[in-house]
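A.B. asks: Sequences listed follow chains X and C, in order. Numbered per the working numbering, the first sequence spans residues 47 to 369. Numbered per the working numbering, the second sequence spans residues 6 to 273. The beta-carbon is built from N, C-alpha and C at its ideal position, and this holds for glycine as well.
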Amino acid sequence: MRRQLGPKKNSAVADKVFKIGATVAATFVLVIIVLVVFELATGSVPIWQKEGASFITGSTWNSVEGRESYGAAPYILGTFVTAGLAMLIGVPISIGIAMFLSELAPKFVRTPLSFVIELLAAVPSVIYGLWGLFVFREYLRDWIEMPLYNAFGNNVWIFSGNPFGLDIFTASMVLAIMIIPTISAISREIMLAVPNSQKEAAYMLGATKWEVFKLAVIPYSKSGLIGASILGLGRAVGETMAVTMLIGNATGPSAFPHSLFQPGQTMSSIIANEFSEASTTGLHLPALVGIGLILFVVAVGINIIAHLLVARVLKAHEGAVLA
Amino acid sequence: METITKAPNAVNLIENKKYKLVAEDIVASYDNVIAVKNVTMKFKEKAVTALIGPSGCGKTTFLRCLNRMHELSKNAKISGRVLLDGEDLYSNHQDPIINRRKIGMVFQKPNPFPTMSIYDNVAAGLKLNGLRNKTILDEIVKGCLEMVYLWDEVKDNLKKPGMSLSGGQQQRLCIARALAIQPEVLLMDEPASSLDPIATQKIEEMMNELKKEYTIIIVTHNMQQAMRVSDYTGFMYLGELIEFGETKQIFENPLKEITAKYVQGQFG
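#1: Q50(X) CB to nearest chain C CB: under 8 angstroms?
#2: Can you give me the Cβ contacts of A324(X) inside the same chain, cut-off strictly under 7 angstroms, excluding the 5 residues immediately before and after it?
#3: Who are the Cβ neighbours of G294(X) in its own chain at under 7 angstroms, not counting the five residues just before and after it?
#4: Would a C-beta distance cut-off of 8 angstroms place R234(X) and A118(X) closer than the cut-off?
#5: Determine the DSSP secondary structure at S314(X), reduced to helix, strand or coil.
#6: From the beta carbon of M110(C), is the nearest beta carbon of chain X less than 8 angstroms away?
#7: Look at the alpha carbon of I222(C) and the alpha carbon of P188(C), and state the distance between them as a whole number of angstroms.
#8: Rounded C-beta distance between S19(X) and P303(X)? I'm assuming under 8 angstroms.
#9: How many Å lie between V288(X) and V172(X) at the Cα?
#10: Hey, how far is the Cα of A58(X) from the Cα of G67(X)?
#11: Rank F249(C), L243(C), E257(C) and E214(C) by C-alpha distance to the C-alpha of Q229(C) and give the top, closest one.
#12: List the DSSP bridge partners of P166(C).
#13: Report buried or exposed for H353(X), applying the criterion of at least 16 other Cβ atoms within 10 angstroms of its Cβ.
#14: Closer than 7 angstroms by beta-carbon distance: list the chain C residues that pair up with E257(X), in chain order.
#15: Alpha carbon to alpha carbon, how far is S171(C) from E151(C)?
#16: For the stretch 98-116 of chain C and the stretch 40-47 of chain C, state whether three or more C-beta atom pairs, one from each stretch, are separated by less than 8 angstroms.
#17: Let's see if you can read the secondary structure: which residues bound the alpha helix (DSSP H) around A171(X)?
#18: Which term fits N126(C), buried or exposed, when burial requires 16 or more other beta carbons within 10 angstroms of its beta carbon?
#19: What are the start and end residues of the beta strand (DSSP E) that includes D194(C)?
#20: State yes or no: is the C-beta of K237(X) within less than 8 angstroms of the C-beta of V258(X)?
#21: Identify whether I293(X) lies in helix, strand or coil by the three-state DSSP scheme.
#22: Assuming D201(C) is part of the beta strand (DSSP E), what are its boundary residues?
#23: Residues of chain C with CB closer than 8 angstroms to the CB of E246(X), please, in chain order.
#24: Within the continuous beta strand (DSSP E) that includes I340(C), where are the two ends?
#25: Which same chain residues, not among the five before or five after I340(X), have their C-beta less than 8 angstroms away from its C-beta?
#26: When the Cα atoms are used, what is the spatial distance from R281(X) to M224(X)?
#27: G130(C) CB to nearest chain X CB: under 8 angstroms?
#28: For L292(X) versus G130(X), is the C-beta spacing smaller than 8 angstroms?
#29: Could you tell me whether the Cβ atoms of S140(X) and I229(X) are closer together than 8 angstroms?
#30: Rounded C-beta distance between C179(C) and V234(C)? I'm assuming under 8 angstroms.
#31: Are there 16 or more other CB atoms within 10 angstroms of the CB of D4(C), so buried, or fewer, so exposed?
#32: Could you list the residues in the stretch 180-198 of chain C with a C-beta less than 8 angstroms from some C-beta on chain X, going in chain order?
#33: Tell whether a beta-carbon distance below 8 angstroms holds between R105(C) and Y249(X).
#34: Helix, strand or coil, according to DSSP, for S322(X) in the structure here?
#35: On the DSSP letters alone, give me the boundaries of the beta strand (DSSP E) that R86(C) sits inside.
#36: With respect to the beta strand (DSSP E) encompassing S34(C), which residues constitute its N-terminal and C-terminal limits?
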């Protein structure tokens with residue numbers, strides 16, 4: 047039996063509404079980015095006029111009216127040092143967790159543990175800060191910082207200083223813990239996506255579990271693992287609350303990361319620390335907005351580098367899947 | 006509880022020695038579905054044995070039991086014995102990792118390592134097992150690529166990614182990779198099912214050469230292929246081995262009615 051399809055009513059209008067609606071939604075994202083950049087740029091004009099390039103290279107931080115002088119170098123460096131240290135500790139642990147969860151763990155461990163790790167990502171950063179401040183800090187101080195200081199404090203500069211527990215080291219360790227859920231959850235997904243045929247090819251050659259990772263899983267998922275790590279780096283660079291509570295909040299030249307066991311400051315923590323007391327008339331607020339601009343550029347830069355890296359890895363191994 | 010395990014009698018032992026690989030009473034399941042029901046099969050040395058049967062008859066699962074690959078799948082269970090030169094692969098003192106080197110495998114879809122070059126794909130198993138000498142590596146890689154008739158096509162591009170090859174070339178690369186570690190038995194799981202007729206023909210020609218040195222067991226759902234390449238054929242249906250004999254006999258004078266129906270293409 048043949049049925050007649052009637053002409054569609056209003057289809058052209060509906061399609062138009064749909065197109066406009068979707069375009070508006072997409073434009074919205076772009077508008078927000080442009081507005082943020084615009085606000086950060088215009089808000090920090092006075093500080094760039096006063097300090098010029100020395101706002102990036104300088105280290106004085108004086109907000110007393112009449113003697114105002116601002117330099118962001120210690121905080122930029124502090125951000126890179128804490129985030130780098132967090133990556134150094136966090137990435138290997140995360141990859142280890144992902145390897146365990148994707149291949150090694152028995153089923154009754156796999157599901158609950160994956161759930162717990164995803165829960166860790168949902169813990170608000172202020173909770174990590176509180177825990178770091180009242181619990182973790184003491185253990186780090188007594189079990190790691192003091193022994194290292196006693197053994198090497200006089201000879202090795204990174205272990206010198208004053209192992210009090212509120213310092214770059216503690217902040218970095220808590221940051222490492224905070225990026226683990228992100229990196230390990232994504233890495234696990236990526237490793238699970240490695241096709242069985244790849245693993246079987248390795249088993250067939252007489253590979254042990256570890257060799258299956260070396261031969262099949264890690265090469266196949268390398269670009270994805272780099273991407274996951276960079277996402278973790280993004281979180282570490284921008285993380286504010288926990289770092290502000292733990293890093294000791296030094297300002298001026300003393301905030302330069304001299305040693306692991308000294309108070310420091312990051313770009314996000316100095317903004318969090320000082321925005322409420324910054325006067326709107328002087329240069330203090332423009333200085334903080336300027337640091338915000340630098341932080342924004344750094345964060346965007348990290349993302350661009352991540353994409354380039356992933357693209358290069360993909361290109362080097364034509365046919366390798368996953369971004 | 007039964008305390009006496011069935012001891013192989015002397016006659017069996019002597020008889021088994023004529024065979025390279027013997028599978029006894031294999032029962033295999035996954036997710037509590039029994040895929041292979043009590044299959045016993047003996048594979049002659051330096052011959053090609055084909056396993057045929059409709060989809061889902063358990064032939065691939067059975068093949069994967071022969072080199073302990075089946076147990077890597079989720080919720081997989083297996084019982085029975087697999088004797089390689091009289092040694093049970095499933096006995097406690099046998100290491101599956103060592104044994105998989107002796108029993109190579111080629112899979113349904115070509116699966117070269119995507120991040121590795123053609124050369125590295127073939128050399129992967131050798132390097133894995135500790136061979137580092139460049140001269141010897143070069144020699145074996147060349148030899149294996151020649152054996153699969155791939156050498157002339159790739160000899161100038163050994164550093165190119167394995168994935169840059171065509172599907173048929175990739176499958177031959179995978180066979181070369183399996184041959185490189187010098188296995189004694191080669192299991193092939195529908196090695197030509199994803200290939201075009203010309204590539205299939207090349208693989209079949211190659212198998213005729215390979216059987217001079219290797220014991221080959223091939224799973225196929227292509228009956229013409231089984232007829233062309235194999236010396237012995239086993240027909241499996243619903244997890245059981247229905248009939249097993251010389252290929253000619255299975256296809257021309259099958260003893261069971263269901264075998265006759267299958268080889269005549271009445272179901273599949």
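C.D. replies: Let me lay it out:
#1: Judged by the 8 angstroms Cβ criterion, Q50(X) is not in contact with chain C.
#2: Answer for A324(X): H330, L331 and L334, listed in chain order.
#3: Here the set comprises L212, D213, P309 and G310.
#4: No, Cβ-Cβ distance for R234(X) and A118(X) is not below 8 angstroms.
#5: In the structure shown, the three-state DSSP call for S314(X) is helix.
#6: With 8 angstroms as the cut-off, M110(C) counts as an interface residue toward chain X.
#7: C-alpha separation (whole angstroms): 13 angstroms.
#8: Absent from the structure is residue 19(X), since the part of chain X shown begins at 47 and ends at 369.
#9: What sits at residue 288(X) in the sequence shown is Ala, not Val. Using only the alpha carbons, I get a separation of about 6 angstroms.
#10: Going from the Cα of A58(X) to the Cα of G67(X) covers about 14 angstroms.
#11: The option with the nearest alpha carbon to Q229(C) is E257(C).
#12: According to DSSP, which records beta bridges pairwise, P166(C) is partnered with S122(C).
#13: Looking at its Cβ environment, which holds fewer than 16 other Cβ atoms inside 10 Å, H353(X) is exposed.
#14: The contacting residues are L133.
#15: Their backbone Cα atoms lie some 17 angstroms apart in a straight line.
#16: Using a Cβ-Cβ distance cut-off of 8 angstroms, the stretch 98-116 of chain C and the stretch 40-47 of chain C are not in contact, since fewer than three pairs of beta carbons, one from each stretch, lie closer than that value.
#17: Here the sequence assigns Ser to residue 171(X), which means Ala is not the residue at that position. Per DSSP, S171(X) belongs to the alpha helix (DSSP H) from S171 to W177.
#18: Per the 10 Å Cβ criterion, buried.
#19: Segment V190 to D194, the beta strand (DSSP E) holding D194(C).
#20: Sequence check: residue 237(X) is Met here, not Lys. Result no, Cβ atoms of M237(X) and V258(X) do not sit closer than 8 angstroms.
#21: Of the three classes helix, strand and coil, the one that applies to I293(X) here is coil, per DSSP.
#22: D201(C) -> no beta strand (DSSP E), and no H or E assigned at all.
#23: Going along chain C in sequence order, the residues near E246(X) (Cβ under 8 angstroms) are M74, L77, M110, F112 and N116.
#24: The requested residue 340(C) does not occur in the structure, where chain C is confined to residues 6 to 273.
#25: The residues are I102, A118, I122 and M313.
#26: Their backbone Cα atoms lie some 8 angstroms apart in a straight line.
#27: G130(C) counts as touching chain X.
#28: No.
#29: Yes, these two residues count as a Cβ contact at 8 angstroms.
#30: About 17 angstroms separates the two Cβ atoms, so there is no contact after all.
#31: Residue 4(C) lies beyond the range of chain C shown here (6 to 273); nothing can be said about it.
#32: Within the stretch 180-198 of chain C, contact with chain X at the beta-carbon level (separation under 8 angstroms) is assigned to R182, A183 and I186.
#33: Closer than 8 angstroms, so yes.
#34: Residue state, collapsed to three classes: coil.
#35: Annotation: the continuous beta strand (DSSP E) that includes R86(C) extends over A81 to L89.
#36: Per DSSP, the unbroken beta strand (DSSP E) holding S34(C) starts and ends at Y24 to Y35.
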